[in-house]
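J.: Quick one: the structure is below, and I'll ask about it shortly.
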Amino acid sequence: MSYSKPLNLIIEGALLASNDPLSLQDIANLFDKDKPSKNEIQKTIDVLNDNYKNHSFEIVHVASGFRMQVRKGYDDWISKLNKQSSTRYSKAFLETLVIIAYKQPVTRGDIEEIRGVSVNPQIIRNLIEFEWVKVVGHKETPGKPELLATTKKFLDYFNLKSLSDLPPPSELEVL
Amino acid sequence: MSYSKPLNLIIEGALLASNDPLSLQDIANLFDKDKPSKNEIQKTIDVLNDNYKNHSFEIVHVASGFRMQVRKGYDDWISKLNKQSSTRYSKAFLETLVIIAYKQPVTRGDIEEIRGVSVNPQIIRNLIEFEWVKVVGHKETPGKPELLATTKKFLDYFNLKSLSDLPPPSELEVL
Amino acid sequence: MNTSNTNSNDTSIVFNGKTITDIPEDLFIPPEALRVIIEQFEGPLDLLLYLIKKQNIDVVDIPILPITNQYVEYINMMQEMQFELASDYLVMASTLAEIKSRMLVPNEEDEEDEEDPRANLIKRLMEYQKYKNLSEKLDEIPRLNRDTFIISRIFANIEKKDTMPTIDLGELEIAFQEVLKRAEIFASHEIQSEALSVRERMSFILDIINKNETIKFIDCFTYQEGRMGAIVTFLAILELAKEGLIDIVQNQDYSMIYLQSVIL
Numbered sequence: 002m003s004y005s006k007p008l009n010l011i012i013e014g015a016l017l018a019s020n021d022p023l024s025l026q027d028i029a030n031l032f033d034k035d036k037p038s039k040n041e042i043q044k045t046i047d048v049l050n051d052n053y054k055n056h057s058f059e060i061v062h063v064a065s066g067f068r069m070q071v072r073k074g075y076d077d078w079i080s081k082l083n084k085q086s087s088t089r090y091s092k093a094f095l096e097t098l099v100i101i102a103y104k105q106p107v108t109r110g111d112i113e114e115i116r117g118v119s120v121n122p123q124i125i126r127n128l129i130e131f132e133w134v135k136v137v138g139h140k141e142t143p144g145k146p147e148l149l150a151t152t153k154k155f156l157d158y159f160n161l162k163s164l165s166d167l168p169p170p171s172e173l174e175v176l
Numbered sequence: 002m003s004y005s006k007p008l009n010l011i012i013e014g015a016l017l018a019s020n021d022p023l024s025l026q027d028i029a030n031l032f033d034k035d036k037p038s039k040n041e042i043q044k045t046i047d048v049l050n051d052n053y054k055n056h057s058f059e060i061v062h063v064a065s066g067f068r069m070q071v072r073k074g075y076d077d078w079i080s081k082l083n084k085q086s087s088t089r090y091s092k093a094f095l096e097t098l099v100i101i102a103y104k105q106p107v108t109r110g111d112i113e114e115i116r117g118v119s120v121n122p123q124i125i126r127n128l129i130e131f132e133w134v135k136v137v138g139h140k141e142t143p144g145k146p147e148l149l150a151t152t153k154k155f156l157d158y159f160n161l162k163s164l165s166d167l168p169p170p171s172e173l174e175v176l
Numbered sequence: 004m005n006t007s008n009t010n011s012n013d014t015s016i017v018f019n020g021k022t023i024t025d026i027p028e029d030l031f032i033p034p035e036a037l038r039v040i041i042e043q044f045e046g047p048l049d050l051l052l053y054l055i056k057k058q059n060i061d062v063v064d065i066p067i068l069p070i071t072n073q074y075v076e077y078i079n080m081m082q083e084m085q086f087e088l089a090s091d092y093l094v095m096a097s098t099l100a101e102i103k104s105r106m107l108v109p110n111e112e113d114e115e116d117e118e119d120p121r122a123n124l125i126k127r128l129m130e131y132q133k134y135k136n137l138s139e140k141l142d143e144i145p146r147l148n149r150d151t152f153i154i155s156r157i158f159a160n161i162e163k164k165d166t167m168p169t170i171d172l173g174e175l176e177i178a179f180q181e182v183l184k185r186a187e188i189f190a191s192h193e194i195q196s197e198a199l200s201v202r203e204r205m206s207f208i209l210d211i212i213n214k215n216e217t218i219k220f221i222d223c224f225t226y227q228e229g230r231m232g233a234i235v236t237f238l239a240i241l242e243l244a245k246e247g248l249i250d251i252v253q254n255q256d257y258s259m260i261y262l263q264s265v266i267l
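Heads up: the protein sequence lines correspond to chains A, B and C, in order.
Everything in the first sequence is counted per this note's numbering, starting at 2 for the first residue and increasing by one.
Everything in the second sequence is counted per this note's numbering, starting at 2 for the first residue and increasing by one.
Everything in the third sequence is counted per this note's numbering, starting at 4 for the first residue and increasing by one.
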């Protein structure tokens, strides 16, 4: 293959300029001809990442693909940028999210049963608005309640590749 | 000076994570104590840039400060990126834009109140990036929230001469 | 299993600068603080777990009598404080009362296949505890904009045009109707095209003030716009002042009027 620029720099530039994580396929699609193989792209990413050891950023693999991000440990300074205070989520919000993540697909009723309180509809609305949760169907019970599940965006946000990367329930809690 | 991270990496991370160019002062302001001098920051940026020789990106000095950008010569590949981003076409995106257009100047809080859900910060970021929306001031309420308004570019895009050419609500209500 | 081991973060709140880590045994505490403590609980299960932990009780063997008494006492306290009691708490109180009564007076008829009345409650408590812990863990996972930061779309030397969404005015109209449907924000029919011009002018003026901090009142007007333009500008200035977004200053009578940003 020969491009006017080296493959590793094209991939680096693309990851830096992209709004969203890029899958191996997305990266391959940037090339009109002489498409690099996925294997080749993956290897190039690994090498890039090795070279980023002495930098503040890295390429991480999340659910929807590869993404450049600033490493952990810089929040003291960076959180002062962009005036965006990092959001703290309420216990109710996190508990609802966690139940959807671990028990999906679930209905509101399921969540209420576990938490012992009615679900604040605002929380579900917010989760859907963030595109962390979506309606994946309806349960065949009276009222046909919506079945909720988490999305790739949810995993992306928490730097996770798949649901199986979620922390396992600890031994203690298992009866 | 000693921070838990080296100065050059803090500056690198900040430039990468920032939405806007950062002036020397902006960078100094990231530090609560042991503020590096402007001279020191400038030197660090120069050294960083030297080290980026073998990378696809560089730090450039523009009117409002320093910013990271992908070097020239990568358009062939990068222009294929970001064609579609779900957040841009979503209902939430359009509704947020519409509320800013009709109720400007508005704060995020106003938008949240009308829509009944929290505003996805990515949407506001995209709107500002397109230069359809800009921050025109800050409201004198706790937290001094930003006041958002639409721009000329927004009007141009929709071929409107002025906001009063937007469909008036009364007409719509008849529909 | 002894849940007291997992007693990681109990209700701990700060009120008037003092950290309150425990439910008060008495009421020498301002009612407002008590409200804060009560609001710390996510519901009846959360409260029950708290009481069990506080007593260092093995959750598998809940002594139902003291717990029930405490729970009811607690609810009475909430009522005394005139908090709106969520029905969920009352349901839990009655569940506890029922378990208690069944343990005191065993129903002999179907005793054989009847399990310990506490079993179901224990199951629910443990299930809830599991998700409560998991939600704490989820909160600790490195997440965007708190621990790691997405690299903001780096400016690349390319035409930005094709990154713009394609939206036509029709779509905006549809979105607008949706908003209207959801919240009758414009129900008053007040917003006519003129009002919109005022809004637009408000943004325009704010923007200038933002850049210059202070501008002369008369500089807001352009004579080419004629009378309508002047009226729109004037209304915009009044509206901005009314909403507290700008200050209108005049150092002495008949002197120049200035508009300035509220934050200086």
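We put the CB at the ideal spot given by N, CA and C, even for glycine.
As the structure is a computational prediction, the values presented were derived from the model and not from experiment.
Under three-state DSSP, which class holds C:Gln-73?
T.: Looking at C:Gln-73 - three-state DSSP - the assignment turns out to be helix.
J.: Identify whether A:Val-118 lies in helix, strand or coil by the three-state DSSP scheme.
T.: DSSP places A:Val-118 in coil when its eight states are reduced to three.
J.: Do B:Ala-15 and B:Leu-23 have their C-beta atoms closer together than 8 Å?
T.: Yes, the Cβ-Cβ distance between B:Ala-15 and B:Leu-23 is below 8 Å.
J.: Flag C:Asp-29 as yes if its beta-carbon sits less than 8 Å from any beta-carbon of chain A, otherwise no.
T.: Annotation note: pLDDT 41 at C:Asp-29 (below 50); position unreliable, no value reported.
J.: Could you tell me whether the Cβ of B:Ala-18 comes closer than 8 Å to any Cβ of chain A?
T.: Yes, B:Ala-18 lies at the interface with chain A (some Cβ there is under 8 Å from its Cβ).
J.: Using a C-beta to C-beta distance shorter than 8 Å, which residues of chain B count as neighbours of C:Glu-174?
T.: Neighbours of C:Glu-174 on chain B, chain order: Leu-95.
J.: Comparing C-alpha positions only, which one of B:Glu-13, B:Leu-156 and B:Gly-74 sits nearest to A:Ile-79?
T.: Among B:Glu-13, B:Leu-156 and B:Gly-74, the Cα nearest to that of A:Ile-79 belongs to B:Glu-13.
J.: Assign B:Lys-54 to one of two classes, buried (16 or more other C-beta atoms within 10 Å of its C-beta) or exposed (fewer than that).
T.: It is exposed - the Cβ of B:Lys-54 has fewer than 16 other Cβ atoms within 10 Å.
J.: For the alpha helix (DSSP H) holding B:Ile-11, just list the boundary residues, first then last.
T.: Unbroken alpha helix (DSSP H) run through B:Ile-11: 8–18.
J.: Got a sec: which bits of the region 216–228 of chain C sit with their beta carbon under 7 Å from any beta carbon on chain B, in order along the chain?
T.: Flagged: no residues at all.
J.: Hey, B:Ala-150 and C:Ser-206: beta-carbon distance below 8 Å or not?
T.: Yes. Within cutoff.
J.: Indicate whether at least one CB of chain B lies closer than 8 Å to the CB of C:Thr-236.
T.: Not closer than 8 Å to any Cβ of chain B, the Cβ of C:Thr-236 fails to qualify, so no.
J.: When you compare only the Cα positions, how much space is there between C:Asn-231 and C:Gly-173?
T.: In the sequence under discussion, the amino acid at residue 231 of chain C is Met, which differs from the Asn named in the question. Spanning the two alpha carbons is a distance of roughly 29 Å.
J.: Show which residues of chain C have a CB atom less than 8 Å away from the CB atom of B:Leu-164.
T.: Result: Leu-199, Ser-200, Arg-202 and Glu-203.
J.: Which first and last residues belong to the beta strand (DSSP E) in which B:Thr-45 is found?
T.: Premise fails: B:Thr-45 lies in the alpha helix (DSSP H), 39–52, not in any beta strand (DSSP E).
J.: Specify the secondary structure class of B:Arg-68 as computed by DSSP and reduced to three states.
T.: Strand at B:Arg-68.
J.: To which residues does DSSP link A:Ile-100 through a beta bridge?
T.: Beta-bridge pairing links A:Ile-100 to no other residue.
J.: Of the choices B:Asp-21, B:Leu-167 and B:His-56, whose alpha-carbon is the least far from that of B:Val-63?
T.: Answer by Cα proximity: B:Asp-21.
J.: Using the C-alpha atoms, what's the distance from C:Asp-64 back to B:His-139?
T.: Near 57 Å, if we compare the C-alpha coordinates of C:Asp-64 and B:His-139.
J.: Just to check my reading of the structure: A:Leu-10 and B:Ser-65 have Cβ atoms closer than 8 Å, yes? What is that Cβ distance to the nearest angstrom?
T.: Contact doesn't hold; Cβ gap of about 27 Å is too wide.
J.: Since A:Ser-5 sits in a beta bridge, which residues does DSSP pair it with?
T.: Answer is none; A:Ser-5 lacks a bridge partner.
J.: With 8 Å as the threshold, decide whether the Cβ of A:Ala-150 is near any Cβ in chain B.
T.: Answer no: the Cβ-Cβ gap between A:Ala-150 and chain B never drops below 8 Å.
J.: How far does the beta strand (DSSP E) with B:Phe-58 in it reach, from first residue to last?
T.: Looking at the DSSP string, the run of the beta strand (DSSP E) that includes B:Phe-58 is 58–63.
J.: Based on DSSP bridge pairs, tell me the residues matched to A:Glu-147.
T.: According to DSSP, A:Glu-147 bridges with A:His-139.
J.: Whole angstroms is fine: what's the gap from C:Leu-137's alpha carbon to A:Pro-168's?
T.: About 7 Å.
J.: Which residues mark the beginning and the end of the alpha helix (DSSP H) in which A:Ile-34 is found?
T.: Inspection of the sequence shows that residue 34 of chain A is occupied by Lys rather than by Ile. Here A:Lys-34 belongs to no alpha helix (DSSP H), and DSSP marks it neither H nor E.
J.: Exposed or buried, which one is C:Pro-66 when buried takes at least 16 other CB atoms within 10 Å?
T.: Burial call: exposed.
J.: To be precise: take each residue of the region 69–83 of chain A, compare its Cβ to all Cβ atoms of chain B, and keep it if any distance is under 7 Å. Which residues remain?
T.: The region 69–83 of chain A vs chain B, Cβ under 7 Å: Val-71, Gly-74, Tyr-75, Trp-78, Ile-79, Lys-81, Leu-82 and Asn-83.
J.: Say whether chain B places a C-beta atom closer than 8 Å to the C-beta of C:Phe-152.
T.: Interface residue, yes.
J.: Quick check: what's the CA-CA separation for B:Ser-91 versus C:Ile-208?
T.: Approximately 31 Å, taken between the alpha carbons.
J.: Need the endpoints of the alpha helix (DSSP H) that C:Ile-55 sits in, please.
T.: From DSSP, the alpha helix (DSSP H) with C:Ile-55 extends over 47–57.
J.: What does the alpha-carbon distance come out to for the pair B:Leu-8 and C:Gly-46?
T.: One C-alpha to the other measures close to 47 Å.
J.: My understanding is that B:Asn-107 touches B:Leu-148, with C-beta atoms under 8 Å, so please give their C-beta distance in whole angstroms.
T.: The sequence given here places Val at residue 107 of chain B; Asn does not occur at that position. 7 Å between Cβ atoms; contact.
J.: Determine, using beta carbons only, whether C:Arg-127 and C:Ile-102 come nearer to each other than 8 Å.
T.: No, these two residues do not count as a Cβ contact at 8 Å.
J.: Below 8 Å on the Cβ atoms is my contact criterion, and I expect C:Ile-154 with B:Ala-18 to pass it. Report the Cβ-Cβ distance as a whole number of Å.
T.: Confirmed, about 6 Å.
J.: What is the DSSP secondary structure of C:Gln-82, reduced to helix, strand or coil?
T.: In the structure shown, C:Gln-82 sits in a helix (DSSP, three-state: H, G or I).
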